[in-house]
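**Q** Just dropping this structure here.
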Amino acid sequence: MNSKKVRVRFAPSPTGGLHLGGVRTVLFNYLFAKHNGGDFIVRIEDTDQTRFVEGAEEYIFKCLEWCGLQPDESPLHGGPFAPYRQSERKAIYRQYADQLISAGQAYYAFDTAEELDEKRKAINNFQYSQHTRNEMKNSLVLDEAATQQLLNEGAAYVIRIKMPQETEVHLNDMIRGDVSFNTSLVDDKVLLKADGMPTYHLAVVVDDFLMQITHAFRGEEWLPSAPVHVLLWQYLFGIENMPKWAHLPLILKPDGNGKLSKRDGDRLGFPVFAMDWKDPKNEEVNTGFKEKGFLSEAFVNMLAMLGWNSGTEQEIFSLNELIQQFSIERVHKGGAKFDYEKAKWYNGEWIKKLDADSLRMHIKNIFGTDLGKFDDAYIDHIIALVKERCILLSDFKEQAGFFFQSPETIDTASLQSKWDEKKKIFFTELIAQFNAQENWNTADLEQTFKALAAIHELKQGELMLPFRIMLVGGKFGPTVFEIAALIGKSETANRIKHVLNLLS
RNA sequence: GGAGCGUUGGUCAAGGGGUUAAGACGCCUCCCUUUCACGGAGGAAUCACGGGUUCGAUUCCCGUACGCUCUACCA
9 MNSKKVRVRF APSPTGGLHL GGVRTVLFNY LFAKHNGGDF IVRIEDTDQT
59 RFVEGAEEYI FKCLEWCGLQ PDESPLHGGP FAPYRQSERK AIYRQYADQL
109 ISAGQAYYAF DTAEELDEKR KAINNFQYSQ HTRNEMKNSL VLDEAATQQL
159 LNEGAAYVIR IKMPQETEVH LNDMIRGDVS FNTSLVDDKV LLKADGMPTY
209 HLAVVVDDFL MQITHAFRGE EWLPSAPVHV LLWQYLFGIE NMPKWAHLPL
259 ILKPDGNGKL SKRDGDRLGF PVFAMDWKDP KNEEVNTGFK EKGFLSEAFV
309 NMLAMLGWNS GTEQEIFSLN ELIQQFSIER VHKGGAKFDY EKAKWYNGEW
359 IKKLDADSLR MHIKNIFGTD LGKFDDAYID HIIALVKERC ILLSDFKEQA
409 GFFFQSPETI DTASLQSKWD EKKKIFFTEL IAQFNAQENW NTADLEQTFK
459 ALAAIHELKQ GELMLPFRIM LVGGKFGPTV FEIAALIGKS ETANRIKHVL
509 NLLS
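Just so we're aligned, residue 9 is where the first sequence starts under the working numbering, counting upward by one.
Printed below as a string of structure tokens:
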């Protein structure tokens, strides 16, 4: 048992938006680190220059900030192991590749992309491996002089790992337990590319060592290449220094099977990215959970429950509660289908749970300058009145909008069917009664309304809906008298008048 | 094709040799509400299949099926 400080890393490629699976990986990293009093590091894996996307890195950090998952070290936040961008560490990797070559654990391969393509076309399921490598052009078949000559000529080459024969490689995964691979069945992965950049395989191992990572979390899709990483650790830094691995289950699409993708969101109508992501290549915008009206608290909570649970009946967790209770042992092995309905439920719960100050801030953001003339007490009152009928923050627009300004549209259709002269007279008189009303409060307003209905020999029931539609525009919202009490005498009268005009 | 991983209700899931197999979402019914929600009370699952082991398996073992991931000089 070593007592080294826990250090974990999230290592995204800046190739596009940050989707659910990515955020969940961050979250589990973060929760594990903080639960154990450790550090959370973000390292940018940008070794593939062809896939680099402008703005992606900045976007990733914005998402982390929104979620409240702040890194202790990163290219943005700095740290003692800088640089944290692999493209800026290019020079570091070379020596390790060279070391592997000297030790006979890796070799130069001079095959061109075209030659490889041809080979793959000619042979079904071709793999560059111990079974095929002596048919290829590399330093294993070429003699030393020939190899040296090619290198001197500046021929393009990559460095590949030389997988050993018939060796069992074991990996003790924190989630899956012992997983083993036969090295004869694993191909000779490229470690260093022709442009001098490392591939993921070399870069993770080197950087995890250099950055003293103790626990490494990543998606399950990495499991098949894990033996390469284990071997590299063995060759380069000693297996005893290897971080403990945890391969996280995948987040699956709601219908059918398979990994959740951006496409599924478009197809099924829900966000997949944490925040709005605009692809600079085609200007296409993907909506994010944030912009859709999700609270970050709910987003994080929902994600945590996808593949993990506390073992209790508690479902609503703040980030701090998650940190306290998180344990890697309780992470599921199987993938979880994403359920947008449940995601929305979490948000509704969080809207109800959130403290007044935070909620007011969000509401002010939604309405913008429209709320300038209302004081916080009034706004808070309204929020309290409508928040339990809001699932998304954007729902406040409809549910609370009529408190701040007259409804823009009136559901006259629902009004007209049972509208008649008697009712018109009633409401005309109601305006007068309200004008004379001394105590403008919910109970007295209802009293007045009731009394007038009795005089006109109308049932209160048939008057409630018209009244509601006059005040809010439709068949929704809190108690009508409460609304009237809040919006005030003149506004109430104006709205009744307005609809009366509309109907005549 | 190969390798690895996985499989408790429509979904998230608890549980783990003997249980009425939790709870939540969604769905349906009812109550509350002279609107819409919230809320409350109910309803619907034998744990992929087949063999073992065992007095007894959903739970342990072995197969099979199915699914997924990987199989790039992408991560």
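Quick reminder that beta carbons are idealized off the backbone N, C-alpha and C, glycines included.
Treat the numbers as computed from the prediction; the structure is a model and nothing was measured.
For the structure I just gave you, are there three or more beta carbon pairs, one from the region 34-43 and one from the region 328-338, closer than 8 Å?
**A** Result yes; three or more Cβ-Cβ pairs closer than 8 Å.
**Q** What is the rounded straight-line gap between the Cα of L317 and the Cα of E305?
**A** It should be noted that the sequence gives Asn, not Leu, for residue 317. Looking at the two C-alpha atoms, the distance is approximately 16 Å.
**Q** In chain order, what residues of the same chain have a beta carbon less than 6 Å from the beta carbon of T222, not counting five sequence neighbours either side?
**A** So the list reads K12, V14, R15, P251, once near-sequence residues are dropped.
**Q** State the CB to CB distance for the pair G29 and I259, rounded to an integer number of angstroms; the pair is presumed to be in contact (CB under 8 Å).
**A** Rounded, the Cβ-Cβ distance is 5 Å, consistent with contact.
**Q** Any contact between the region 365-373 and the region 339-347? By contact I mean 3 or more CB pairs, one from each, below 8 Å.
**A** With the cut-off at 8 Å, the region 365-373 and the region 339-347 do not touch.
**Q** With a 10 Å radius around its C-beta and 16 neighbouring C-beta atoms as the bar for buried, classify A130 as buried or exposed.
**A** Answer is exposed; the Cβ neighbour count stays below 16.
**Q** Give me the residue from T140, K395, D54, F134 with the minimum Cα distance to D363.
**A** Taking only the C-alpha atoms, the option nearest D363 is K395.
**Q** Report all residues from its chain with a CB closer than 6 Å to the CB of V198; omit the five preceding and five following residues, and keep chain order.
**A** So the qualifying residues of the chain are V166, R168, T207.
**Q** With respect to the beta strand (DSSP E) encompassing K129, which residues constitute its N-terminal and C-terminal limits?
**A** K129 -> not in any beta strand (DSSP E); alpha helix (DSSP H) instead, spanning 121-130.
**Q** Return the bridge partner residues of D181 from the DSSP annotation.
**A** Beta-bridge pairing links D181 to G185, W253.
**Q** I'd like to check one pair, G315 with V339: are the Cβ atoms closer than 7 Å?
**A** Yes, Cβ-Cβ distance for V339 and G315 is below 7 Å.
**Q** Judging by CA-CA distance, which residue of P79, K98, E416 is the nearest neighbour of M205?
**A** Looking at the Cα atoms, K98 is the closest of the given residues.
**Q** Restricting to runs no shorter than 4 residues, where is the alpha helix (DSSP H) found entirely within the region 218-280?
**A** Fully enclosed alpha helix (DSSP H) runs of 4 or longer: 234-244, 270-276.
**Q** Leaving aside the five residues before and after L466 along the sequence, list all residues of the same chain whose C-beta is less than 8 Å from its C-beta, in chain order.
**A** Cβ neighbours of L466 beyond the five flanking positions: K430, K431, F434.
**Q** How far does the beta strand (DSSP E) with L199 in it reach, from first residue to last?
**A** Start and end: 198-200.
**Q** Based on the DSSP secondary-structure assignment, which residues constitute the bridge partners of I167?
**A** Answer by DSSP bridge pairing, in chain order: Y116, L200.
**Q** Who are the near neighbours of L210 in its chain, counting only those whose CB is closer than 8 Å to its CB and skipping five residues on each side?
**A** Once the five neighbours on either side are set aside, the close Cβ partners of L210 are Y101, Y104, A105, L199, L200, L240.
**Q** With 16 other CB atoms within 10 Å as the buried threshold, where does L193 fall?
**A** Exposed, since its Cβ has fewer than 16 Cβ neighbours within 10 Å.
**Q** When burial is assigned at 16 or more other CB atoms within 10 Å of the CB, is T500 buried or exposed?
**A** That one is buried.
**Q** Do G86 and L327 have their beta-carbon atoms positioned less than 7 Å apart in this structure?
**A** No.
**Q** Please state if the CB of F18 and the CB of V34 are separated by a distance shorter than 7 Å.
**A** A contact, by the Cβ cut-off of 7 Å.
**Q** Could you give the C-beta distance for F410 and G485, rounded to a whole number, given that I count them as a contact under 8 Å?
**A** Yes, they are in contact, since the Cβ atoms of F410 and G485 sit about 7 Å apart, within 8 Å.
**Q** With D388 as the anchor, note down where its alpha helix (DSSP H) starts and where it stops.
**A** 384-394 is the extent of the alpha helix (DSSP H) around D388.
**Q** For P288, which residues in the same chain have their Cβ closer than 8 Å to its Cβ, ignoring the five residues on either side in sequence?
**A** These residues qualify, in order along the chain: V61, E62, G63.
**Q** Between T436 and the rest of its own chain, which residues show a CB-CB distance below 8 Å, the 5 nearest in sequence each way excluded?
**A** If we look at T436 and ignore the five residues flanking it on each side, its Cβ neighbours are L508.
**Q** Suppose you measure from the CA of A254 to the CA of P91; what does that come to, to the nearest Å?
**A** About 25 Å.
**Q** Identify whether P474 lies in helix, strand or coil by the three-state DSSP scheme.
**A** Helix at P474.
**Q** Pop quiz: R368 and D388 are said to be a contact at Cβ under 8 Å. What is the actual Cβ separation, rounded to whole angstroms?
**A** Right, their Cβ atoms sit about 6 Å apart.
**Q** Check each candidate in F217, Q138, S147 and name the one with the smallest Cα separation from T191.
**A** Measuring from the Cα of T191, the nearest candidate turns out to be Q138.
**Q** For I247, which residues of its own chain have a beta-carbon under 8 Å away from its beta-carbon, when the five flanking residues on both sides are left out?
**A** The residues are V238, W241.
**Q** For M9 and N180, I'd like the C-alpha separation in whole angstroms.
**A** Confidence is the limiting factor: at M9 the pLDDT is only 44, short of 50, which leaves the residue's position unreliable, though a coordinate-based value still follows. If I take the Cα positions, the gap works out to 15 Å.
**Q** According to the Cβ coordinates, are L303 and W358 closer than 7 Å?
**A** Yes, they are a contact pair.
**Q** What first and last residue would you give for the beta strand (DSSP E) that runs through R17?
**A** 15-18 is the span of the beta strand (DSSP E), which, as asked, contains R17.
**Q** Let's test the definition: count the other Cβ atoms within 10 Å of the Cβ of N290 and tell me whether it reaches 16, buried, or not, exposed.
**A** Label assigned to N290: exposed.
**Q** So does the region 476-496 actually touch the region 448-459, counting three or more Cβ pairs closer than 8 Å?
**A** Yes: the two stretches touch, three or more of their Cβ pairs being nearer than 8 Å.
**Q** Return the chain-ordered list of same chain residues with a C-beta closer than 7 Å to the C-beta of A163, the five sequence neighbours on each side being excluded.
**A** Within the same chain, A163 has close Cβ partners F118.
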